[in-house]
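Note sheet for the following structure.
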DNA sequence: CGGATGCTTGAAGCTGCTCAAGTGAAGTGG
DNA sequence: CCACTTCACTTGAGCAGCTTCAAGCATCCG
């Protein structure tokens, strides 16, 4: 076995490990692509270097050119409505995908702003569309990935209560950040209160008060962006509207 | 030209006219499919006869087998959360598509109940997935169609106010029912108040009061399910949160 | 150090909810 | 055909949750 064979195996291994933490792995790796197909897919994906907090990945009205997978960091997506009010669409942490918002009108309908210094994979839409036309399993995985991203939106329709929404949000961030590699029930929020409150559809004041209430009742501990879920069980009951 | 040539032309014409009012036409007709491809697509689509009000098209947990296009009638989709509360996902009128909710987990995540006696086109998912793998433009159109269906969900995140949400809802129903063939600004709601209120995230009592308020201020006229938009301009301002 | 930003806290007011009763239309059965 | 039930909707009164406006802290950063 020559050195090149080893190299190739190694590189494949690195790729798989790198993508192992990434939602997009459902797109490329575990669906049983042939090695040649995997290689073709890999050549399409650009790895974009660290992007500074405060910069924009894309803005409302930008042409739809690619979908993005977050390798590290966090990105918020939001739009400004006719009345000038900010509307948070969501947050995207390590291992998650964004950009599908532009599939229909072919233009992005929100701004994607980097919250924490982030590294991304960029998958040009044309390329992936062309390749999925050839590989049916890839086509289906694109659909599924898109479906999963959109399904997130139903989550907050459930919470009528402010405190219920907060509980849902905290538990959601916990599982997602844990999946991204942090300690369970103990995490740093990547966004400021204002972003959270507009995401939850409440005022920052109410958010502050309700977080204080959760802390006083011993369900969580909060210090600025640091959150520790003291009693995830009870928090989960609140999230489900029990009691 | 023999009789069969005439027949074929006629049938194609009928098909095109029938699909001309249908959202799915973006899927099959106007994207420039070859006649042979169009024929293949047509053989996949089952036209399902009139379904009685109160019956179910699919239920939560059902396997994902097909997507549906409404030819006439109206269907509501809703789910029941852990606490037993009903959560309306949306309404689907003539010319619209439903069923994409099941793309990701491969099972439907809501119930689809017929509100008015409805006729549907049934497009088996396996078939369309197989065909879109061959025809790239079809693949893209499936994505776009899906994106458009999901984009509807952002609409109500905007309305913070109850009356704003109602205004958005009324204007939305107006345009959609108008597209389906009714007189503009004058329509019959296909659903009961309870469905509307849970769709808007308010109580039926509040809905009743706010509809009364809109009528008193001369913006609309309501009588049970019949709605007439007296002043669509002002209604639109309210929908946008102006004033 | 001083300003800016992000967060918290307080008081008053309004929106929408809950509970409860009442109306009106449509269908049911004797 | 008419009382009776049912269902959909409306109306009222009181209350809770959330918002608004305003001020006060704390932390970060030049």
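Chains as they are written, first to last, in the working numbering: chain A, 1 to 243; chain B, 1001 to 1243.
Even for Gly, the Cβ is constructed at its ideal location relative to N, Cα and C.
The distance from the Cβ of residue 157 of chain A to that of residue 1087 of chain B is about 6 Å, consistent with a contact at the 8 Å cut-off. Between the region 119–127 of chain A and the region 58–70 of chain A there are three or more inter-stretch CB-CB distances shorter than 8 Å, so the stretches are counted as touching. The region 112–191 of chain A is shown to contain whole alpha helix (DSSP H) runs of 4 or more residues at 125–134, 136–151, 155–158 and 162–179, in chain order.
Of the residues A/233, A/62 and A/224, the one whose Cα lies closest to the Cα of residue 196 of chain A is A/224.
Under DSSP, the beta-bridge partners assigned to residue 226 of chain A are A/188 and A/223. In terms of beta-carbon proximity, residue 1127 of chain B stays away from the interface with chain A, with every pair separated by 8 Å or more. The DSSP-derived three-state label of residue 58 of chain A is strand. When CB distances to chain B are screened at a threshold of 7 Å, the residues of the region 72–84 of chain A falling below it are 81, 82 and 83, in chain order.
Listed by position along chain A, the residues whose Cβ is nearer than 9 Å to that of residue 1087 of chain B are 154, 157 and 158. Between the C-alpha atoms of residue 1181 of chain B and residue 1145 of chain B there is a straight-line separation of about 21 Å.
With a cut-off of 8 Å on Cβ pairs, the region 1107–1115 of chain B is in contact with the region 1076–1091 of chain B, counting three or more such pairs. Restricting attention to B/1208, B/1207 and B/1230, the CA atom closest to the CA of residue 1217 of chain B is found in B/1230. As computed with DSSP, residue 110 of chain A is found in no beta bridge at all. Interface annotation for the region 1049–1068 of chain B against chain A: empty, criterion Cβ-Cβ distance under 9 Å.
When only Cα atoms are considered, residue 220 of chain A and residue 214 of chain A end up about 6 Å apart. The beta carbon of residue 1037 of chain B sits no closer than 8 Å to any beta carbon of chain A.
Using a Cβ-Cβ cut-off of 8 Å, residue 212 of chain A does not count as an interface residue toward chain B, since no Cβ of chain B sits closer than that to its own. The beta carbon of residue 1171 of chain B does not come within 8 Å of any beta carbon belonging to chain A, so the residue lies off that interface. The continuous beta strand (DSSP E) containing residue 48 of chain A extends over residues 46–51. Boundaries of the beta strand (DSSP E) harbouring residue 1078 of chain B: 1066–1080, taken from the DSSP string.
With a cut-off of 8 Å on Cβ pairs, the region 1130–1141 of chain B is not in contact with the region 1098–1107 of chain B, counting fewer than three such pairs. Sequence-distant Cβ neighbours of residue 55 of chain A in its own chain, meaning closer than 7 Å and more than five residues away, are 114.
In terms of Cβ geometry, residue 91 of chain A and residue 74 of chain A form a close pair [threshold 8 Å]. For residue 1098 of chain B, the pairing in a beta bridge is given by DSSP as B/1068. The C-beta of residue 242 of chain A has fewer than 16 other C-beta atoms within 10 Å across all chains shown, which makes the residue exposed. CA-CA distance, residue 1142 of chain B to residue 1065 of chain B, rounds to 15 Å.
Here the alpha carbon of residue 1201 of chain B sits roughly 18 Å from the alpha carbon of residue 1189 of chain B. Pairing residue 1185 of chain B with residue 1179 of chain B, the inter-Cα distance amounts to about 11 Å.
No residue range can be given for residue 201 of chain A, since it is assigned to no beta strand (DSSP E) and is classified by DSSP as neither H nor E. It is roughly 42 Å from the alpha-carbon of residue 1222 of chain B to the alpha-carbon of residue 63 of chain A.
Under a 10 Å Cβ-count criterion, residue 1163 of chain B is classified as buried, with 16 or more other Cβ atoms of the shown protein chains found around its own Cβ. Listed along chain A, no residue sits closer than 8 Å to residue 1092 of chain B by beta-carbon distance, the nearest being about 16 Å off. Sequence-distant Cβ neighbours of residue 1166 of chain B in its own chain, meaning closer than 6 Å and more than five residues away, are 1210.
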